[in-house]
Amino acid sequence: MVLRSSTAGIPHCAAASRKAETAGESGEVDYEGPWESLDDRPCPPDNTIDGISFGAPFMLNWCNGCHGSGIPEAERQGAPLGVDFDNLDDVREHADRIWARAGDGNDTMPPTPGPSEEERRMLGEWLACGAPFQVEVD
């Protein structure tokens, strides 16, 4: 997987503000879940998970063996043609679908044995934060 984007990336604060509507009546954000969709899953304000440290290695280890544009149809293990995660733009385009199948408590992909619960939680957080390429840490 090559982490390149046709845009400069999604700023961490933009992804976090996109999740502001997840606050309940009390005004508190539910960072524990479970969530019904990626849109409901908030980006923690202290997120440090990015494409360099987590996203690219996760996608390479768990997804790109079947979800790559260079993988012949007969070798995709049923992965639909066109559902490819070759770059960061592809991951962002399919983020809802990736989350629903592999993020947080969702475990229908990849087929077993798959990532640990912690890796799935990290995937959910990375996607909820807009799949940032690199997070600036103060």
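In terms of the numbering used here, the sequence shown opens at residue 82 and continues consecutively.
Heads up, the beta-carbon is just placed ideally off N, CA and C, and yes, glycines get one too.
Pair within 8 Å by beta-carbon distance, F135 and M190: Counting from one through the sequence shown, the residue named residue 135 turns up at place 54. Counting from one through the sequence shown, the residue named residue 190 turns up at place 109. Taking C-beta atoms as the reference points, F135 and M190 fail to come closer than 8 Å.
Test item: CB-CB of G184 and G159 under 8 Å: As a position in the sequence shown, residue 184 is number 103, starting the count at 1. As a position in the sequence shown, residue 159 is number 78, starting the count at 1. Cβ atoms of G184 and G159: not closer than 8 Å.
First through last residue of the alpha helix (DSSP H) which encompasses G205: On the sequence shown, position 124 is the one that residue 205 refers to. Looking at the DSSP string, the run of the alpha helix (DSSP H) that includes G205 is E198 to A209.
Compute the distance between the beta-carbons of A212 and L119, then report whether it is under 8 Å. As a position in the sequence shown, residue 212 is number 131, starting the count at 1. As a position in the sequence shown, residue 119 is number 38, starting the count at 1. No, Cβ-Cβ distance for A212 and L119 is not below 8 Å.
W143 versus E109: straight-line alpha-carbon distance, rounded: Position 62 of the sequence shown, counted from the start, is the residue given in the question as residue 143. Position 28 of the sequence shown, counted from the start, is the residue given in the question as residue 109. W143 and E109: Cα-Cα distance of roughly 33 Å.
Quick one: measure Cβ to Cβ for S150 and D131, integer angstroms, because I've assumed they're closer than 8 Å. What you label residue 150 is simply residue 69 of the sequence shown in a count that begins at 1. What you label residue 131 is simply residue 50 of the sequence shown in a count that begins at 1. By a beta-carbon distance limit of 8 Å, S150 does not contact D131. Their separation comes to about 23 Å.
Whole-angstrom C-beta distance between Q215 and I152, which should lie under 8 Å: Here residue 152 refers to the residue found at position 71 when the sequence shown is read from its first residue. Here residue 215 refers to the residue found at position 134 when the sequence shown is read from its first residue. Not quite, the Cβ-Cβ distance comes to about 27 Å (not below 8 Å), so this is no contact.
Among the residues of its own chain, which have a CB less than 6 Å from the CB of D177, if the five just before and after it don't count? On the sequence shown, residue 177 is found 96 positions in, with the first residue counted as 1. Counting only residues of its own chain and dropping the five nearest sequence neighbours on each side, D177 has a CB closer than 6 Å to the CB of L119.
For D121 and W180, what's the separation of their Cα atoms in angstroms? Start at 1 with the first residue of the sequence shown, and residue 121 comes out as number 40. Start at 1 with the first residue of the sequence shown, and residue 180 comes out as number 99. Roughly 11 Å between the two C-alpha positions.
With a threshold of 7 Å on Cβ separation, who are the neighbours of N128 within its own chain once the five nearest residues in sequence on each side are excluded? Reading the sequence shown from its first residue, position 47 is the one you call residue 128. If the five residues before and after N128 are omitted, its C-beta is found closer than 7 Å to the C-beta atoms of H93, E206, C210 and V216, all from its own chain and listed in chain order.
If you draw a straight line from the C-alpha of A137 to the C-alpha of E156, how long is it? On the sequence shown, residue 137 is found 56 positions in, with the first residue counted as 1. On the sequence shown, residue 156 is found 75 positions in, with the first residue counted as 1. A137 and E156 have their C-alpha atoms spaced approximately 21 Å apart.
Pull up the distance between the alpha-carbon of P126 and that of D188, whole angstroms please. Taking the sequence shown and counting its residues from 1, one reaches residue 126 at position 45. Taking the sequence shown and counting its residues from 1, one reaches residue 188 at position 107. Approximately 25 Å, taken between the alpha carbons.
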